[in-house]
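Participant: Would you mind keeping the following structure in view while I ask a few things?
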Amino acid sequence: MIITLKSEEPSSRMSPTEAELAAVEEALRSAVPARVSRVLLINPPDGTKDLFQYDTAKRGRYTNYPPYGIGLLATRLREKNIKVEISNLNHELLTACRRTSAANQFDFAASWQTALDQVLAEFKPDVVGVTCMFTMGHGSFREVCRHVKDQCIPVIVGGVHISNDTRRIIDDIGTSVITAAFTGEADLSLPAFFDFLNDEIPVYGLTGIVVPTAIGQVRLGDQGKPDNEELATMPAMDLMKLDALSSEGVIGAFYCFKPTETKFATVLSNRGCRGKCTFCSVRNFNGHGVRHRPVNTVIDELERLHGDHGIGHIMWLDDDLFKDHRRSVELFSELARRDIDLTWDATNGVLAASCTDEVISAAAESGCIAINIGVESGNPQILRLVSKPATVDTYHKAADVLRRFPKIHTSIFLMIGFPDETVSQIQDTISLATEMDMDWYRISQLHPLPNTPIYDSMLAQGLIQDVGSTSVRFNGGAYGKQTQIESGTLTSQQGLEEAFQGLTSDVIPSPELLTDIWFYMNYRLNFARIFDETRPEKIAQLKAHLETLADLISPENGFALYFLAWLYLNDDKERAFHCIQRLEKRLSSSDYWQDKFDVFGLSVEDLAKGAGRVNFTRQLII
Numbered sequence: 103m104i105i106t107l108k109s110e111e112p113s114s115r116m117s118p119t120e121a122e123l124a125a126v127e128e129a130l131r132s133a134v135p136a137r138v139s140r141v142l143l144i145n146p147p148d149g150t151k152d153l154f155q156y157d158t159a160k161r162g163r164y165t166n167y168p169p170y171g172i173g174l175l176a177t178r179l180r181e182k183n184i185k186v187e188i189s190n191l192n193h194e195l196l197t198a199c200r201r202t203s204a205a206n207q208f209d210f211a212a213s214w215q216t217a218l219d220q221v222l223a224e225f226k227p228d229v230v231g232v233t234c235m236f237t238m239g240h241g242s243f244r245e246v247c248r249h250v251k252d253q254c255i256p257v258i259v260g261g262v263h264i265s266n267d268t269r270r271i272i273d274d275i276g277t278s279v280i281t282a283a284f285t286g287e288a289d290l291s292l293p294a295f296f297d298f299l300n301d302e303i304p305v306y307g308l309t310g311i312v313v314p315t316a317i318g319q320v321r322l323g324d325q326g327k328p329d330n331e332e333l334a335t336m337p338a339m340d341l342m343k344l345d346a347l348s349s350e351g352v353i354g355a356f357y358c359f360k361p362t363e364t365k366f367a368t369v370l371s372n373r374g375c376r377g378k379c380t381f382c383s384v385r386n387f388n389g390h391g392v393r394h395r396p397v398n399t400v401i402d403e404l405e406r407l408h409g410d411h412g413i414g415h416i417m418w419l420d421d422d423l424f425k426d427h428r429r430s431v432e433l434f435s436e437l438a439r440r441d442i443d444l445t446w447d448a449t450n451g452v453l454a455a456s457c458t459d460e461v462i463s464a465a466a467e468s469g470c471i472a473i474n475i476g477v478e479s480g481n482p483q484i485l486r487l488v489s490k491p492a493t494v495d496t497y498h499k500a501a502d503v504l505r506r507f508p509k510i511h512t513s514i515f516l517m518i519g520f521p522d523e524t525v526s527q528i529q530d531t532i533s534l535a536t537e538m539d540m541d542w543y544r545i546s547q548l549h550p551l552p553n554t555p556i557y558d559s560m561l562a563q564g565l566i567q568d569v570g571s572t573s574v575r576f577n578g579g580a581y582g583k584q585t586q587i588e589s590g591t592l593t594s595q596q597g598l599e600e601a602f603q604g605l606t607s608d609v610i611p612s613p614e615l616l617t618d619i620w621f622y623m624n625y626r627l628n629f630a631r632i633f634d635e636t637r638p639e640k641i642a643q644l645k646a647h648l649e650t651l652a653d654l655i656s657p658e659n660g661f662a663l664y665f666l667a668w669l670y671l672n673d674d675k676e677r678a679f680h681c682i683q684r685l686e687k688r689l690s691s692s693d694y695w696q697d698k699f700d701v702f703g704l705s706v707e708d709l710a711k712g713a714g715r716v717n718f719t720r721q722l723i724i
């Protein structure tokens with residue numbers, strides 16, 4: 103959940119004055135003096151130049167999501183007889199990178215600027231709309247907006263990132279650059295905006311936007327939300343380059359389980375989440391509650407994706423996919439009945455309470471191969487602190503169900519570093535994860551987003567400084583801190599041996615110590631358990647996951663190479679020893695990884711002999 107900036111609350115609660123409406127009309131008429139008939143919608147690069155890694159992109163590791171949201175908006179604008187084009191600059195950037203043969207031939211800014219200039223020249227839009235979903239993309243988002251404005255074209259903006267911190271982001275990009283910013287879902291407010299510009303509705307018919315004017319930024323009301331029937335709209339697939347996206351990047355967490363030639367896409371079946379997690383921004387964008395698309399329209403969309411575009415796997419974009427028990431069963435049963443040759447995953451996560459036998463059985467029958475579950479903590483006090491809609495017992499019950507469906511790979515979101523969280527409370531999380539016995543654990547450190555309840559609370563306590571959404575960097579994923587940890591380029595100054603020595607249960611770990619605890623948890627929960635895995639389905643899943651980790655995500659990850667070799671020892675010794683050779687080379691050049699292997703008692707020599715099992719019983723709390 104995200105709450106609005108304190109400075110924005112008065113204007114969001116009151117109707118605009120006559121002076122404000124007049125200022126908005128003047129500002130918009132000045133920026134867009136003529137009738138609008140052509141609109142370009144832009145998806146900027148996902149990350150910034152300083153975080154972009156050429157080698158990672160060349161491996162095809164970066165995400166390349168279909169621009170689903172602006173695809174929906176394109177359909178809405180077409181209904182108004184407005185011509186629309188979509189420019190997916192993230193895709194253009196990745197394509198340009200993959201076409202070069204060396205890093206010195208690749209220019210980050212020139213790659214997307216060239217593609218953008220071409221579409222601007224050919225399409226000649228009257229207005230350009232730019233979206234930004236994630237905070238880590240702010241820098242590129244800002245540069246795209248300014249580049250368009252430099253060509254004297256009006257710029258409007260929207261997306262989750264903008265909605266989270268609207269006024270501050272507009273100020274950062276420039277009030278002279280931004281014509282209007284849309285807050286929350288723009289399905290209704292964006293078409294209304296163009297209706298106003300084309301003299302079909304008055305200025306007081308505008309909602310859900312913030313407009314820089316001569317008297318300051320003016321917010322025009324809360325925007326309406328599309329209801330269930332209005333959500334039946336399908337995105338403009340012909341504008342989204344669906345056929346090409348999969349060749350230049352990946353989507354979701356589970357692409358590793360499908361052949362490389364499989365084409366991927368995304369689908370949204372509902373909007374919103376019933377949860378109120380204090381670290382989450384979903385409710386700020388989607389509002390309260392969950393709204394569902396009609397099941398038949400969702401299935402029709404899946405049929406089009408498969409039949410017209412050759413899509414073989416989809417990732418649900420839903421934040422609460424299993425919200426309605428009956429609807430979930432109906433949706434998955436209808437998907438199975440129509441026999442569409444698709445598999446799917448729920449990367450965004452599902453609520454544990456929804457994982458019943460009936461729902462998971464229907465999901466498995468309809469092609470589900472993997473899901474994420476948001477657990478975060480195994481400590482009851484921490485769960486209450488962050489308003490998780492579950493208890494420890496809820497997680498145990500969900501795990502009991504999911505273990506009965508071994509073909510579904512289940513991973514768990516865990517988080518450490520909550521305010522005043524102690525070593526003992528982190529140990530509760532480790533214990534719960536061990537007891538749940540799921541397939542993988544995606545562990546992250548808390549990175550509070552501006553304008554979330556936990557951010558505001560930590561700010562009030564002096565635990566963090568208010569840097570705003572324009573300065574926040576993403577703390578995980580391919581662009582971020584977690585990959586640096588895994589590659590051995592970011593860690594605390596002390597080794598693991600020293601980090602855990604003498605810890606007491608009531609200690610609140612420092613940020614540096616949290617990095618070491620993260621590393622320990624990653625090994626303990628994800629890798630060490632591989633020694634005891636005997637189930638064929640799970641071994642196959644682990645091989646696919648570790649191959650992706652070792653070849654795409656983090657080629658220098660010593661654990662991935664070690665345990666991949668371990669899994670191959672039984673059935674493919676040639677590949678096993680190839681991994682061992684890579685591992686020996688890595689250890690010989692990295693004190694970081696050699697230290698970690700020493701701490702955890704991993705012997706490459708024994709592994710090479712086919713006797714790599716080592717008993718590791720270290721406890722976090724001594």
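Residue numbers for the sequence shown follow this note's numbering, so the first one is 103 and each next one is one higher.
No residue lacks a Cβ here, since even glycine has one placed at the ideal position from N, Cα and C.
For clarity, every value in this text was computed on a predicted model and none was experimentally measured.
1) Is G310 close to the ligand FMN? I mean its beta-carbon at under 7 Å from any heavy atom of the ligand.
2) With C-beta atoms as the reference, is T285 less than 8 Å away from S265?
3) Where in the segment 437-472 do unbroken runs of the beta strand (DSSP E), each at least 3 residues long, occur, reported from the N-terminal end onward?
4) What does L143 pair with, by DSSP beta-bridge criteria?
5) DSSP beta-bridge partners for N388?
6) Please classify T315: does DSSP put it in a helix, a strand, or coil?
7) Report buried or exposed for A121, applying the criterion of at least 16 other Cβ atoms within 10 angstroms of its Cβ.
8) Give me the Cα-Cα distance between R180 and V186, rounded to the nearest whole angstrom.
9) Mind pulling the alpha helix (DSSP H) runs of 4 or more residues that sit fully within the segment 251-299?
10) S692 by DSSP, collapsed to three states: which one?
11) Could you tell me which residues DSSP pairs with V494 in its beta bridges?
12) Between the alpha carbons of S348 and E194, how many angstroms are there, rounded?
13) Starting from F366, follow the beta strand (DSSP E) in both directions and report where the run begins and ends.
14) Are there 16 or more other CB atoms within 10 angstroms of the CB of N398, so buried, or fewer, so exposed?
15) Rounding to the nearest angstrom, what Cα-Cα distance links R631 and M540 in this structure?
16) Starting from the Cα of C234, find the closest Cα among I271, T177, F434 and L433 and give me that residue.
17) Considering Cα atoms alone, identify which of T458, V488, N481 and R486 is closest to A501.
18) Which first and last residues belong to the alpha helix (DSSP H) in which T512 is found?
19) Which of helix, strand or coil does DSSP assign to N628?
20) Tell me whether the segment 236-247 and the segment 141-152 touch, counting them as touching only if at least three CB pairs, one residue from each stretch, are closer than 8 Å.
21) Using 8 Å for Cβ pairs, my map puts L565 next to F520. What's the rounded Cβ distance?
22) With a cut-off of 8 Å, does the C-beta of A438 fall near any C-beta of chain D?
23) Given E467, which residues of its chain have a CB within under 6 Å of its CB, disregarding the five upstream and five downstream residues?
24) With three or more beta-carbon pairs closer than 8 Å as the criterion, would you say the segment 338-346 touches the segment 315-328?
25) Report, in whole angstroms, the separation of the C-beta atoms of V477 and L516, which I expect to be a contact under 8 Å.
26) Which full runs of the alpha helix (DSSP H) of 4+ residues lie inside the segment 386-428, going along the chain?
Facilitator: On the basis of the data shown:
1) Judged by which ligands are present, the structure shown has none, so any question about the ligand FMN falls away.
2) The answer is yes: Cβ separation under 8 Å.
3) 445-452
4) I188 and G231
5) Beta-bridge pairing links N388 to no other residue.
6) strand
7) exposed
8) One C-alpha to the other measures close to 7 Å.
9) 262-266, 268-275 and 291-299
10) coil
11) Note: V494 sits in no beta bridge, so no partner.
12) 13 Å
13) K365 to V369
14) Exposed, by the Cβ-count rule.
15) 10 Å
16) I271
17) T458
18) Careful: T512 lies outside any alpha helix (DSSP H), inside the beta strand (DSSP E) at H511 to I518.
19) It is helical.
20) Yes: at least three Cβ pairs fall under 8 Å.
21) Incorrect: roughly 10 Å between the Cβ atoms, too far for contact.
22) In the structure shown, chain D cannot be found, because there is only a single protein chain.
23) A438
24) These segments do not touch.
25) 6 Å
26) 397-411
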